[in-house]
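Novice: There's a structure below that I have some questions on.
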Amino acid sequence: MSGSAGESMSTQSNASSEVAERLAQTRALMSRERIDAYLVPSADPHLSEYLPGYWQGRQWLSGFHGSVGTLIITQDFAGIWADSRYWEQATKELAGSGIELVKLLPGQQGPLEWLADEAKAESVVAVDGAVLAVASSRTLASRLYARGARLRTDIDLLTELWQDRPALPSHPIYEHLPPQASLDRAEKLARVRQIVAERNADWHFIATLDDIAWLFNLRGADVSYNPVFIAFALIGPHSVTLFVDSRKVPDPVRSRLERDGINLMEYTQIGAALRELPKDARLLVDPARVTCGLLDYLDSEVTLVEGLNPSTLLKSQKTETDTGHIRQAMEQDGAALCEFFAWLDSALGREPISEVTIDEKLTQARERRPGYVSPSFATIAGFNANGAMPHYRATEAEHAQIEGDGLLLIDSGGQYLGGTTDITRMVAIGTPSAEQKQDCTRVLKGVIALSRTHFPKGILSPLLDAIARAPIWSEGVNYGHGTGHGVGYFLNVHEGPQVIAYQAPATPQTAMLPGMITSIEPGTYRPGRWGVRIENLVINQEAGTTCNDLQS
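Its first residue numbered 942, the sequence shown is counted upward by one per residue in my numbering.
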């Protein structure tokens, strides 16, 4: 590894001391508030994957920088629940902090179950309800109630603890315009309203940022890698209101939104607006995509109609025009990759190359392509042992040099005005071993198997997972992450509702439908040695059979 080992150990020691102090302060506040356990999820009021700094409280409090993880603190225990993608990273970052790594495994106890099982009669579990999904809060509250304990969702200890908490992001928003925007917002709003009415509701509340960006044909830069902006939306029988910081809305954009009948209110006014809904309102909400703290503003007589956000399904099914632009974006991305690989071939053995260099050169190649906006996620460039960490990120302080023999895993993507890309390729450095070649071959077989599959329209996406895993399972090997995720259209690189992962519930919402773009990315990981992952994006399209099949 590059960098001084002594410096790295010193930095880790200082970080661990800070975390230990923060834990002590948190426990003091818990005692004052008579809280027995404090839950800190990796979430914001929009349940985003990538969080603005203001809501990265779990990271600040624990010192664990993985994008997903749940922190629980009691007076005599602190633990981070994380899945296999983050085990190596968490082990390093939590060392000496007083926080344990609790390894999440499919089918085993998760953090909410642990809280309920550990709860004693009359104990209190607290969480900031503004960042806890309604579905999760209900599950936890009911389990605690069965134990004689209760859930408190009206307190955010970080408000008092985190003195240098970052401000909310304030980047300007802009319009996603034709030709890339194939449907105007009036047409999208009409389709959403139609579905709301079909579900016997008259109001609809949206908190998820990619749904809002898609629906209003707006984009922003408030969240790293995702071209979205912090906002809420409330759709009524005769009104549409977008709640967004007014300083972020340029005058021309404001004028066009108002011309289209969209009211603008300040982001902070959402609570008051929900509180003022008519008592006879029938409000459509997605309990997996809205937090309990927001719904606590509602009058108790408001009727909740629960179901998937209409926009979530609509935006997942790309139009033919959309897919044409996405293909063009992928062609530009492919050209950038060709340029990068040409450089890598010529530079290997002739100049020093590190994992950080890989990231920089690949980003520079994309920046030269027309329509490029930003990376779609943090590039993962892992050589040999670092490739065994699925969400590894090389830094200036700690990275590997690309030299000798082995495997280089490169997982990267770009945001373009006409689409979002995500691709993983393996590069042989020097002479890979026979075992490395076998791992690459098995993973490639998994990619090919699922890519060639015909399947019934509407099949629940988790059921497809075994097709990609079968060649890998046949050798007694498995991998901890899902095989595939949906991808947005110049939006989030991880998009639902479809997901190819046997660990995910096979609910009706996960049905595979025409126009959906999904990744296929099986892998094999040898901790401390190397990792293999190969990834392509595929689109569901009619197979042209008499059985109403789709093919990827």
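Note that the Cβ used here is the ideal one computed from N, Cα and C, for glycine as well.
The structure presented is a predicted model; accordingly, all values stated were derived computationally and were not measured.
#1: Given T1244, which residues of its chain have a CB within under 6 Å of its CB, disregarding the five upstream and five downstream residues?
#2: So, does the CB of D1240 fall closer than 7 Å to a CB anywhere in chain C?
#3: Using DSSP with H/G/I as helix, E/B as strand and the rest coil, what is A984?
#4: In whole angstroms, what separates the C-alpha of A1062 from that of L1042?
#5: Can you have a look at S1257 and say buried or exposed, based on whether 16 or more other CB atoms are within 10 angstroms of its CB?
#6: For the beta strand (DSSP E) that contains S1315, what are its first and last residues?
#7: What does the alpha-carbon distance come out to for the pair L1249 and T1448?
#8: Would you mind sorting K1220 into buried or exposed? The rule is 16 or more other CB atoms within 10 Å of its CB.
#9: Kindly provide the ranges of any beta strand (DSSP E) runs that are 3 or more residues long and lie completely inside the stretch 1427-1462, ordered along the chain.
#10: CA-CA distance, K914 and L1099?
#11: To the nearest angstrom, how far is the alpha carbon of D1352 from that of R1334?
#12: Bridge partners of F1184, per DSSP?
#13: Please state whether DSSP places D1097 in a helix, a strand or coil.
#14: Can you pull the DSSP bridge partners for Q1356?
#15: For the pair the stretch 1255-1273 and the stretch 1119-1132, tell me if three or more CB-CB distances fall below 8 Å.
#16: Between which two residues does the beta strand (DSSP E) holding W1471 run?
#17: In the stretch 1042-1117, which residue ranges form an unbroken alpha helix (DSSP H) of at least 4 residues, counting only runs that do not cross its ends?
#18: Given a threshold of 16 other Cβ atoms within 10 Å of its Cβ, counted over all protein chains shown, does S1317 qualify as buried or as exposed?
#19: Taking the Cβ atom as the reference point for each residue, do H1117 and D1163 lie within a distance shorter than 7 Å?
#20: Just to confirm, are S989 and L1150 a CB contact at a threshold of 7 Å?
#21: According to DSSP, simplified to helix, strand and coil, what is M1330?
#22: When you compare the CB positions of S1392 and I1321, do they come within less than 7 Å of one another, or not?
#23: Can you list, in chain order, the stretches of the beta strand (DSSP E) that have 3 or more residues and sit fully within the stretch 1188-1260?
#24: What is the DSSP secondary structure of G1037, reduced to helix, strand or coil?
#25: Could you tell me which of V1440, S1287, L1358 sits nearest to Q1273, measuring between CA atoms?
#26: Under DSSP, the beta strand (DSSP E) around R975 begins and ends at which residues?
#27: How far does the alpha helix (DSSP H) with W996 in it extend, from its first residue to its last?
#28: With a threshold of 8 Å on Cβ separation, who are the neighbours of A946 within its own chain once the five nearest residues in sequence on each side are excluded?
#29: Just list the residues that DSSP pairs Q1379 with in beta bridges.
#30: Should the stretch 1009-1029 be regarded as contacting the stretch 1101-1108, the criterion being three or more beta carbon pairs within less than 8 Å?
#31: Across which residues does DSSP place M1367 in a beta bridge pair?
#32: Grouping DSSP H, G and I as helix and E and B as strand, with all else coil, what is R1134?
#33: Could you give the DSSP three-state label for N1158: helix, strand or coil?
#34: Here's a check: name, in chain order, each residue in its chain whose Cβ is nearer than 8 Å to the Cβ of P1446, leaving out the five neighbours to either side.
#35: Look at the Cβ atom of G1425, then the Cβ atom of T1459, and state whether they are nearer than 7 Å.
#36: DSSP three-state label for A961, please.
Specialist: In short, the structure shows the following:
#1: R1223.
#2: The chain labelled as chain C is not found in the depicted structure, where only one protein chain is given.
#3: Taken through DSSP and simplified to helix, strand or coil, A984 comes out as coil.
#4: Inter-residue distance for A1062 and L1042 is about 27 Å (C-alpha atoms, whole angstroms).
#5: When all chains shown are included, S1257 counts as buried.
#6: Unbroken beta strand (DSSP E) run through S1315: 1313-1316.
#7: Distance between L1249 and T1448, taken at the CA atoms: about 11 Å.
#8: Result: exposed.
#9: With a minimum length of 3 residues, the continuous beta strand (DSSP E) runs that stay inside the stretch 1427-1462 are 1436-1441, 1458-1461.
#10: Past the edges of the chain, shown from 942 to 1493, lies residue 914, and the structure says nothing about it.
#11: Distance from the CA atom of D1352 to the CA atom of R1334, rounded to whole angstroms, is 10 Å.
#12: In DSSP, F1184 forms a bridge with F1173, M1206.
#13: Of the three classes helix, strand and coil, the one that applies to D1097 here is coil, per DSSP.
#14: For Q1356, which the question treats as bridged, DSSP gives the partners S1315, T1361.
#15: Yes: the two stretches touch, three or more of their Cβ pairs being nearer than 8 Å.
#16: Bounds of the beta strand (DSSP E) holding W1471 are 1471-1474.
#17: Scanning the stretch 1042-1117 for uninterrupted alpha helix (DSSP H) segments of 4 residues or longer gives 1052-1059, 1075-1087, 1099-1102, listed from N- to C-terminal end.
#18: S1317 is buried by the Cβ-count criterion.
#19: D1163 is positioned such that its CB atom lies no closer than 7 Å to that of H1117.
#20: By the CB criterion at 7 Å, S989 and L1150 fall inside the cutoff.
#21: Coil, per DSSP.
#22: S1392 places its beta carbon 7 Å or farther from that of I1321.
#23: 1203-1206, 1223-1226, 1244-1247, all fully within the stretch 1188-1260.
#24: Three-state result, G1037: coil.
#25: Just measuring C-alpha positions, the residue of V1440, S1287, L1358 sitting nearest Q1273 is L1358.
#26: In the DSSP assignment, R975 falls outside any beta strand (DSSP E), carrying neither H nor E.
#27: Annotation for W996: no alpha helix (DSSP H) segment contains it, and DSSP assigns it neither H nor E.
#28: The pLDDT assigned to A946 is 47, lower than 50, so where the model puts this residue is not dependable; a value taken from the coordinates is nonetheless given after this. Counting only Cβ-Cβ distances below 8 Å, and skipping sequence neighbours, we find nothing.
#29: By DSSP's assignment, Q1379 forms no beta bridge with any residue.
#30: Contact between the stretch 1009-1029 and the stretch 1101-1108 is absent: fewer than 3 CB-CB pairs across the two stretches fall below 8 Å.
#31: M1367 is bridged to L1350.
#32: Helix.
#33: Reduced to three states, the DSSP call for N1158 is coil.
#34: Taken in chain order, the residues that qualify are P1403.
#35: The answer is yes: Cβ separation under 7 Å.
#36: In this structure, A961 counts as helix in the three-state DSSP scheme.
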